[in-house]
Structure formats: C-alpha cells, structure tokens
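Residue numbers (my numbering): 6 to 690. A short worksheet on the structure shown next.
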RNA sequence: UGCCCGGUGGUGUAAUUGGUAACACAGAAGUUUUUGGUACUUCCAUUUCUGGUUCGAGUCCAGGCCGGGUAACCA
C-alpha cells in the first residue's frame, strides 16, 4: 500500500520528472477568513502541506480575502491557530490583498489589450445576457473604446461611482459552452473597509480574477482545490496566459463528506446561532476547534486524511474510520485511570470498617517502563451499574450474585448479597473479598468471570462528564424538510461520575482512558475542585448484549453461501478462462517441471516457483496457490505453464508467465497436469 | 436543459498504466489477555450495464444507465 499514490501526487511527480516549473513544487492552503475550519478543511490542509513536505517544498497559508464584507481578522487568527495545532507551519502568512496593487495593474493591462471592459448593465441583466444552456449575448457596453474603459475603471477605483453602478468584465466569448468564460466579472465596486487594506480600495477583485494570479505571483506550481472549481480551470489558465505570467497547474479533488456530519459553513453557522450547540468549539461540532476540545489528537486527524485518500469520486467516509484513528492514537498515548460513570455502591463486607490500603496501578498496562500510581481501596467502593446483573445473561463476564470477579489492579471479590429499594432497584451490592488475592492474582491462579473497574467511595472525586453522540443521523441530507429537524435531541448527556483521586490536578486538554469505559479529555471548563471531562470516544465494545453467546453456527442468514461456483479456471483467471478451443493455439502452453518452490515474503497466498523446460533456462513464476499446495509437494512435479505472457512483478518478484489451475468444488485451486506423459518443455495443445 | 466530472465489496482508497482485483475501516468467527480494550488469525467483490478491440479488459473504444458539480457584482 505504501507504493501507490493518489492521482494528484502522481500528476505532480510527473511534472517534476518532466522538469515543468523548473522541477519546483509549491502549494498553498487558501481559506477565506469568513468562518471556522472544519474536518473538510483538514483534508485540504493535509494534502497541501504534506505534498509540499514530500518534495521539500513550501506550502503557504494564503487568505483569500477578496470580500471585505464577509471577512474578519478574528476568523483569520482562529484559522492560523487551528492549522498550527494540526502540526503545520509556513514561512509567512500571505493574503490575496497583498496583490491588490498588482491585480489593478493586470486589469489595466487587460483593458489596454482590449480584453476587458466596464459594463453598466445591472447584475440581473448580466445574468440574463449570460444565457442558460445555450450561449449568451454580448453586453451593449462590450464595444466601448479602450480609452473609455480606462477612464471608467479609474473612476471605479477612485470611488467616484456608486456600488452596483458598473463592473469590470473580461471580454472573452459570450457564446462559450463554459459559462465561466462568458465575460466573467473581474471587479465590483464595494465601499467597504477591508481588514487589512482599510479604505485604500473601492473596488474588490472577484475570486477568479484574484486566485490564479495570486498563485502565480507567489510561485505556486500546483494549485490544489476542490471539484467545484473544475469549470473554472479554463478561466484560471486564460488569465495567466493573457497576462503572460506563469500558469500554475490547477488540480481538483473531491471534498470530504462524512456520515452523521453536516459540513457546510451555512449549516454549522445555523447550529451555533440557533443555540443547538454551545459554540464553534462545541465538542459535537466537526470543526477543528470542536474536535480538539473533544480530545481528538492532531496526529489522528492527519492519519485520518491519509487513510481517506484523494480522488475525484464524490464519496462519504464512514465516521467510524475517524473514531478508529482516534482510538489508535489514544490507545498508545492516553494514560489509564479508573472511574465509574453510573455509580453503584459495592460493600466489601469482610473488609474492616475504617481501614484502607492502596494498590499499585499501571498508567500504561502492557507497556514496559511506564509509570504506576497508588489507588486507594476501602470497604465501600463504587462500581458501574452496568457491571452488575442480578440475572446475568449467557456469556456475562462481570459481576452477578454468587459470582467472583476481579477488581482491576486490586483483588477478587465474590457477590454475596444484593440490597434493593422499594421499587426493586438495586442500591447496593455486597461482596466478600479474598485477602490472598491482593494485586488481582491468587496463589492457585484461579480464573474468575471477569475484571471490572471500581473506585473507593471515600476517596473518589466527583467529575462532570459530558457524553456525546452524533448530532445527526447517518445521512442527514436524506429525508424531508429541514435537516435541523433531524438533530439528535440526545447528542449530549451530562453525568456526575466518580473518578480516582489522582485526577485532581489534571490540566485542561489532558487525554486519558477510563479503563473499560472510554477515552476522555479534560475540558477547559474545569477548575480547581471541579473536574469536567469530555468523552472523546468509547472503547470498542466486543460485548453484544443482543447476541446469543454461542450462535448456532453453520446456517443462519450470515452465510447465504452454498452458491456453487462455476468450475472456471482459478489461479490464472486470464488467458485459460473460457477460451474457445481454437484460441488455445495462440497460447504457448508448455509442460514444465517444478525445480524450486518457496513462499513469497509478505504474501501469505503466494509461492515463488522455479520451473525448468529442458532448455536449460530457469523461469520464475509467482502463483497464488500457497493455501492449497505446500512447497515440498510441488517440487519435482510437472505442471502446465503458460509461457507467452508479459513478465510482471508480484510482491517484488518477477513472474514470467503463470501455471494453469482450475477451481475445485470448494473454490480451491487445483493444478492442471499434462494428461499424457510428456517430456519437460513439450508444447501442450 | 447546456457544459464539465465521476461510477471497483457495507465504506474509503489501490491495482506497477492491458496480465493473481490489493490495503484499511465496518461486520462475522476464533486465539491471547488482570480493560468484553490492545495484539494476532480467518471469513466477507459477477469491478454500473450492453456491445466491441485483444491470447488476455477494472484498465482501451462505442452506446446506455446512475450520481455529482455548475449556470453570483460569493469563495
């Protein structure tokens, strides 16, 4: 998997190999500072920064700040912070507004070349004249003289004309099949204060007019963007060509979609403004700020993007892939602690009242050289309510009346009694402990039903724990009406948990695992004496309550198998498969003798087989029959060998042709053998 | 509707550019385990359809079907 790359990387590698752009590579991430970054942006960020890194090249952050009415420094600062948090850095923050002067010069150049004009048509009129499916019509102002256009444009720039009075347009082709080339607008009059250039400009460039030239001016070689800009590429190229500046190569890829997620700025804004979440950094939000607060490590986000890949197909990634990468990072980085979310009192009846001791617990069990801590133990403990069952189902591996379980890191306890309230709800579980089992193991090494987590009632800390669920169903866009009607009303549950005292001084941002429960991050709302945890993600749960523990195997719906495969040739699905009889003549089939056979490293289905055809030369063939034939059973045997195949590499081994085999009734491969006794090297017909 | 772009398992990406459909996630089964976690093993695909070219097609050609983008004085 390491040796295949996506189409963007391939295209760039080809350009480098061809010496295009002088063999240079430079990318950029060009957000508009009008909102917060979300997981979809993370994809674009990683692609641009990682590709640059792979080529030892620069990737700049450049703000596409061409519309002062929508943009602000607050957004810009948040964006910079998020990208740095993701682990990327860049030499200098750039702005499209840095190029306003240059763009102005470019416009004059275009006007002088007769390729731009000032249009006094209204927005509606321009839209109408642009036409729909068929081509449009020329604007009545299209044939103004260069001098008049120049004068008018200077008036626009000087603020002498009113907003909306006119625009500067390129003069391309109103009948062009691509509507983007039907005299696109370059500048509109906007008397707004820009967050960087102040009141210097009364006109602001449109995206198309600013983007390509900005790329070109700062030396970008590959302008990577999302699919919806595909139709803009001809315009991007046209501008650079007309202005006689280097034309960077724009390559488009699909943006990220994820199940249970709404990614558009508009919807995210509605969630915030409608009070459906607590803010842009609400841990349920797919924003970088939200994911960070939730406890998702930056490393996991980067890995996620790597695993998602880059393509042009409009896909939707399963949210569970994100959870997987988060768990993977957290599993090896988050220290373990004990805590219960739904406390149920457990009394160790044979433990002396008022006494206490402590047990050593590992911070990273299974990892040598990591720390330990002491966890206090006493007569009264808290366990999680779902670790006890009065009437345990089959396969239950936790506590139940009469059962013995291990308290993690502590000892073995046996349930002797249950206390209930008037409604029948269990309020206390009584156990006895085995003092010989201190540390969790006994001399007789007896097996117990399972291991559960606990915390000493007297020593436990209260913690506010926020449990999160998806904001939306799997496919929020499917269904009638407003998507907000599909908001999950239970996306946030707050509980008061009991956690071990070592968490008292945990700092905001700390990530930990509550053993057997999940991964958590200390929320910035925490204060001394007030611990607030966000559940980042649950542990993968192998326990399926609904499932019978020992499913009657064999039949059932899972294997709608016994569909007999047609006995078509297996291993070489190519040439020998279903050939007309006479076509056999074209195949160079030979009898060959196996001289050597050995497994191919790193491929558990492949064998590397050395063949001899009596011509003194040895041929090597790689065949996927390892599951059915041992190397020993093959050596010395005659096989049918297809000699006139183009050699190809399999797992790093050059395979010269293939050995013929057929599918057996179970789908296994059966090697074909010459029917009659033939000498090695003989042609099979 | 015009133009543009796509279509490989439940999901996402591969396939040395025409030569065993691979990797990961999810799901299922099992082994190990002081976390029902981790680790490990196994299973899970008529490559959208129909024709064509070819010894050989996921890959090339033609047509169909389906999906997405776009038609701003937004980016």
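Backbone N, C-alpha and C define an ideal beta-carbon position, used for all residues, glycine too.
Rounding to the nearest angstrom, what Cα-Cα distance links residue 100 and residue 36 in this structure? For the purposes of this step, residue 100 is taken as the residue at position 95 of the first chain. For the purposes of this step, residue 36 is taken as the residue at position 31 of the first chain. Answer to the nearest angstrom: the Cα atoms are 10 angstroms apart.
DSSP-derived helix/strand/coil call for residue 231: Here residue 231 corresponds to residue number 226 of the first chain, with the count starting at 1. Residue 231 falls in the strand class under three-state DSSP.
Just how far apart, CA to CA, sit residue 144 and residue 124? Here residue 144 is taken as the residue at index 139 of the first chain, counted from 1. Here residue 124 is taken as the residue at index 119 of the first chain, counted from 1. Between residue 144 and residue 124, the C-alpha separation is close to 7 angstroms.
Please report the residue range of the alpha helix (DSSP H) in which residue 68 lies. Here residue 68 refers to the residue found at position 63 of the first chain. Unbroken run through residue 68 is the beta strand (DSSP E), 63 to 68; no alpha helix (DSSP H).
Residues that DSSP places opposite residue 600 in a beta bridge: On the first chain, position 595 is the one that residue 600 refers to. In the DSSP output, where bridge partners are listed per residue, residue 600 has none listed.
Can you tell me whether residue 142 is buried or exposed? The criterion is at least 16 other CB atoms within 10 Å of its CB, across all chains shown. If you number the first chain from 1, residue 142 lands on position 137. Exposed, since its Cβ has fewer than 16 Cβ neighbours within 10 Å.
Is residue 47 buried or exposed, if buried means 16 or more other CB atoms sit within 10 Å of its CB? One-based indexing of the first chain puts residue 47 at position 42. Residue 47 comes out buried.
Answer with buried or exposed for residue 410, where buried requires no fewer than 16 other C-beta atoms within 10 angstroms of its C-beta. Taking the first chain and counting its residues from 1, the one referred to as residue 410 is at position 405. By the neighbour-count rule (16 or more Cβ atoms within 10 Å), residue 410 is buried.
Count the other CB atoms within 10 Å of the CB of residue 337; is the residue buried (16 or more) or exposed (fewer)? Indexing the first chain from 1 puts residue 337 at position 332. So residue 337 counts as exposed.
Which listed residue (487, 175 and 314) has its alpha carbon closest to that of residue 148: Taking the first residue of the first chain as position 1, residue 148 is located at position 143. Minimum Cα distance to residue 148 is reached at 175.
Using a Cβ-Cβ cut-off of 7 angstroms (strictly less than) and excluding sequence neighbours within five positions of residue 197, which residues of its own chain qualify? Counting from 1 along the first chain, the entry for residue 197 is found at position 192. The answer, listed in chain order, is 73 and 74.
Enumerate, from N- to C-terminal direction, the unbroken alpha helix (DSSP H) stretches of 4 or more residues contained entirely within the region 119 to 199. 128 to 135 and 151 to 163
Residue ranges of each alpha helix (DSSP H) run of no fewer than 4 residues wholly in the region 204 to 259, ordered along the chain? 212 to 222 and 238 to 247
Between which residues of its own chain and residue 318 is the CB-CB distance below 8 angstroms, once the five residues before and five after are set aside? As a working mapping, residue 318 is identified with position 313 in the first chain. Closer than 8 angstroms at Cβ, skipping near neighbours: 259.
When the Cα atoms are used, what is the spatial distance from residue 25 to residue 107? Indexing the first chain from 1 puts residue 25 at position 20. Indexing the first chain from 1 puts residue 107 at position 102. Answer to the nearest angstrom: the Cα atoms are 25 angstroms apart.
From the DSSP output, which residues share a beta bridge with residue 457? Along the first chain, one-based indexing puts residue 457 at 452. According to DSSP, residue 457 bridges with 412.
Based on Cα-Cα distance, which residue from 324, 110 and 467 lies nearest to residue 218? The sequence position of residue 218 within the first chain is 213, counting from 1. Residue 218 has its Cα closest to that of 110, out of 324, 110 and 467.
Complete alpha helix (DSSP H) runs within the region 15 to 77 (minimum length 4 residues, chain order): 44 to 59
Any non-hydrogen atom of the ligand SAH closer than 7 angstroms to residue 321 Cβ: With respect to the ligand SAH, the structure offers nothing, as it holds no ligand at all.
DSSP-derived helix/strand/coil call for residue 397: As a first step, residue 397 must be located in the first chain, where it is residue number 392. Correct three-state label for residue 397: coil.
Range of the contiguous alpha helix (DSSP H) that encloses residue 354: The residue given as residue 354 occupies position 349 in the first chain. Where residue 354 is concerned, there is no enclosing alpha helix (DSSP H), given that its DSSP letter is neither H nor E.
Which term fits residue 308, buried or exposed, when burial requires 16 or more other beta carbons within 10 angstroms of its beta carbon? Position 303 of the first chain, counting from 1, holds the residue named residue 308. Looking at its Cβ environment, which holds 16 or more other Cβ atoms inside 10 Å, residue 308 is buried.
With distance defined between alpha-carbon atoms, name the residue in 640, 289 and 340 nearest to residue 497. By one-based count along the first chain, residue 497 stands at place 492. Residue 289 is the option with its Cα nearest to residue 497.
Helix, strand or coil for residue 382? Go by DSSP, reduced to three states. Reading the first chain from its first residue, position 377 is the one you call residue 382. Residue state, collapsed to three classes: strand.
In three-state DSSP terms, what is residue 472? The count along the first chain starts at 1 and reaches residue 472 at position 467. Three-state DSSP puts residue 472 in a strand.
For a test of the three-state rule: what should DSSP assign to residue 532, helix, strand or coil? Here the question's residue 532 lines up with position 527 in the first chain. Of the three classes helix, strand and coil, the one that applies to residue 532 here is strand, per DSSP.
So, using beta-carbon positions, are residue 522 and residue 536 closer together than 8 angstroms? Here residue 522 refers to the residue found at position 517 of the first chain. Here residue 536 refers to the residue found at position 531 of the first chain. Contact flag unset, no.
Candidates 68, 407 and 30: which alpha carbon is nearest residue 104's? In the first chain, the residue the question calls residue 104 occupies position 99. Measuring from the Cα of residue 104, the nearest candidate turns out to be 68.
Counting Cβ pairs closer than 8 angstroms, one from the region 479 to 486 and one from the region 503 to 512, do we hit at least three? no
In angstroms, rounded to a whole number, what distance separates the CA positions of residue 377 and residue 328? Numbered from its first residue, the first chain carries residue 377 at position 372. Numbered from its first residue, the first chain carries residue 328 at position 323. Their Cα atoms are separated by approximately 28 angstroms.
Start and end of the beta strand (DSSP E) containing residue 483? Translated into the one-based positions of the first chain, residue 483 becomes position 478. Per DSSP, residue 483 belongs to no beta strand (DSSP E) and is neither H nor E.
Would you identify the three-state DSSP class for residue 558, choosing helix, strand or coil? Counting from 1 along the first chain, the entry for residue 558 is found at position 553. Because residue 558 carries a pLDDT of 27, less than 50, the predicted location of this residue cannot be relied on, and the following value inherits that uncertainty. DSSP places residue 558 in coil when its eight states are reduced to three.
Does residue 86 come out as helix, strand or coil in the three-state DSSP assignment? Taking the first residue of the first chain as 1, we reach residue 86 at position 81. It is helical.
For residue 266, does the three-state DSSP call read helix, strand or coil? Within the first chain, residue 266 is the residue found at index 261, counting from 1. If DSSP states are grouped into helix, strand and coil, residue 266 belongs with coil.
Hey, could you find the ends of the beta strand (DSSP E) residue 295 is sitting in? As a position in the first chain, residue 295 is number 290, starting the count at 1. No beta strand (DSSP E) holds residue 295; the alpha helix (DSSP H) holding it covers 293 to 299.
Quick check: what's the CA-CA separation for residue 301 versus residue 113? Locating residue 301 in the first chain gives position 296, where the first residue counts as 1. Locating residue 113 in the first chain gives position 108, where the first residue counts as 1. In a straight line, the C-alpha of residue 301 is about 49 angstroms away from that of residue 113.
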